Structures are given as C-alpha cells and as structure tokens.
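Peer 1: Sending over a structure as structure tokens; questions will come in a sec.
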Amino acid sequence: MPLIQLNNLNKFYGATPILQDISLTIQIGEKWGLVGRNGCGKTTLMKILTGEEDYDGGEFHLAQNCRVGYLRQEPDFNSDISMYEELRNIFQDLDLLQSQIDELQQQMSVPGLSPTELAAFIENHHFLTEKFDQMGGYQIEGRIQGVLRGLGFSKERWMDPVKVLSGGERT
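Using this note's numbering, you'd call the opening residue of the sequence shown number 644 and step up by one each time.
Here it is, written out as structure tokens:
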C-alpha cells in the first residue's frame with residue numbers, strides 16, 4: 644500500500660489553475676525530491692500533502708499514521724530560542740497527547756470512581772498511549788539529538804539561540 648497516492652489532483656487560486664491533474668504514488672522506503680521553476684506550485688503541493696491547504700479536485704490518500712513534513716523555503720524560526728527548543732517545537736502535537744495522557748492518569752487516581760467510569764478512563768488511556776507510541780512519542784529525544792548530530796552540531800551548541808546561526812546553518 645502506498646504512503647501517498649495522488650490521482651488527478653487540482654488546485655486553483657480563484658480561476659487560475661496552480662496544479663492540474665497531478666498524479667503521484669510514493670511507496671514505503673522511497674525517497675523523493677521536488678524540483679521545478681519558481682511559481683510552478685511546489686510549495687502549494689507540499690502544503691496540500693501536509694494538510695495546511697485544501698485541494699479543489701482529484702483524490703488524495705495518505706496512509707494511516709503517515710506524517711508528511713518538509714523544509715520550508717524560508718524557515719519561520721523564533722531566533723531567541725535554542726536549536727534544541729526549535730526542534731522540540733515540531734512535536735507539539737505529541738506534547739498535547741502526552742498532556743491528555745497525564746490528565747487521564749490523574750482522573751483515574753481519584754478515589755471513589757465507579758467500575759464503569761474507571762473502565763472508560765482505562766480504555767481511553769490505552770487508546771491515547773497506543774497513538775502516542777505509534778506517532779513516535781517515546782523516540783522524540785533520540786530523534787532531536789540525531790538531527791542535531793546529523794547536521795554537524797556538537798552537543799555544546801544545541802542550546803545556542805537560533806539567532807547566532809549563519810544563514811546556511813538555519814536552513
């Protein structure tokens with residue numbers, strides 16, 4: 644089963660076609676690059692794939708638990724926070740999920756819950772922790788450290804503010 648499947652995808656801004664009849668299949672393990680002239684719709688396509696923007700026609704299928712991301716042309720960094728914190732911000736959805744799990748754990752520890760209430764909390768807790776695991780929640784720290792090391796930053800620099808990085812280091 645493909646990770647991403649597009650069939651005759653279309654996108655218009657007003658009456659102007661931006662993407663017309665785009666078809667694409669990306670299988671597990673494949674690596675893709677997106678190349679094209681300025682203004683041809685590369686960023687629009689990426690925004691559709693990440694769910695930031697809607698499309699106007701065609702079909703778009705994304706495999707369950709598949710997350711799409713891309714490096715933006717002009718990164719929107721908060722220059723006062725560290726490289727580590729900037730990367731940590733990528734996982735805000737997992738932080739929210741962890742907060743929900745923590746809240747459920749507190750609710751389950753309240754004395755006097757009926758067996759029905761406790762069973763509902765346990766079921767919801769199981770669902771959320773399973774989702775957290777499937778989304779890689781337990782690997783966040785390792786992933787962040789791997790990216791920073793892979794980009795050539797020594798551990799001593801991980802807490803440097805983004806504003807001290809060169810333009811090339813920022814992108």
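Glycine residues also receive a C-beta, built at the ideal position from the N, C-alpha and C atoms.
A quick note: this is a predicted structure, and the numbers were derived from the prediction, not measured.
Is the beta carbon of Phe655 less than 8 Å from the beta carbon of Asp697?
Peer 2: Along the sequence shown, read from residue 1 onward, the residue named residue 655 stands at position 12. Along the sequence shown, read from residue 1 onward, the residue named residue 697 stands at position 54. Contact flag unset, no.
Peer 1: I need the straight-line Cα distance from Ala658 to Leu649, nearest angstrom please.
Peer 2: Mapped onto the sequence shown, residue 658 falls at position 15. Mapped onto the sequence shown, residue 649 falls at position 6. About 22 Å.
Peer 1: For a minimum of 4 consecutive residues, which ranges assigned as the alpha helix (DSSP H) are wholly contained in the segment 687–758?
Peer 2: Fully enclosed alpha helix (DSSP H) runs of 4 or longer: 726–731 and 735–751.
Peer 1: What residue from Gln777, Leu747, Leu688 and Glu784 has the CA that sits closest to Ala763's CA?
Peer 2: As a working note, residue 763 is residue 120 in the sequence shown. Comparing Cα-Cα distances from Ala763 to each of Gln777, Leu747, Leu688 and Glu784, the minimum goes to Leu747.
Peer 1: Are the segment 776–794 and the segment 727–746 touching, with three or more C-beta to C-beta distances below 8 Å?
Peer 2: Yes, the segment 776–794 is in contact with the segment 727–746.
Peer 1: What is the rounded straight-line gap between the Cα of Leu756 and the Cα of Leu739?
Peer 2: By one-based count along the sequence shown, residue 756 stands at place 113. By one-based count along the sequence shown, residue 739 stands at place 96. Going by the C-alpha atoms only, they are around 25 Å apart.
Peer 1: At what residues does the alpha helix (DSSP H) containing Leu791 begin and finish?
Peer 2: As a first step, residue 791 is located in the sequence shown; it is residue number 148 there, counting from the start. Segment Ile783 to Gly793, the alpha helix (DSSP H) holding Leu791.
Peer 1: Determine the contact status of Val805 and Ile724, defining contact as a CB-CB distance below 8 Å.
Peer 2: For the purposes of this step, residue 805 is taken as residue 162 along the sequence shown, with counting starting at 1. For the purposes of this step, residue 724 is taken as residue 81 along the sequence shown, with counting starting at 1. For Val805 and Ile724, yes; Cβs fall inside 8 Å.
Peer 1: Can you list, in chain order, the residues of its chain with a C-beta nearer than 7 Å to that of Ile669? Leave out the 5 residues immediately preceding and following it.
Peer 2: Position 26 of the sequence shown holds residue 669. Within the same chain, Ile669 has close Cβ partners Pro645, Leu646, Ile647 and Trp675.
Peer 1: Please return the same chain residues whose Cβ sits closer than 6 Å to the Cβ of Ile661, not counting the five positions on each side in sequence.
Peer 2: Residue mapping note: residue 661 aligns to position 18 of the sequence shown, counting from 1. Cβ neighbours of Ile661 beyond the five flanking positions: Lys654, Gly684 and Thr687.
Peer 1: Who pairs with Gln648 in a beta bridge, going by DSSP?
Peer 2: Position 5 of the sequence shown, counting from 1, holds the residue named residue 648. Answer is Thr668 and His704.
Peer 1: In whole angstroms, give me the CA-to-CA distance for Ser797 and Gln777.
Peer 2: As a first step, residue 797 is located in the sequence shown; it is residue number 154 there, counting from the start. As a first step, residue 777 is located in the sequence shown; it is residue number 134 there, counting from the start. Whole-angstrom Cα-Cα distance: 30 Å.
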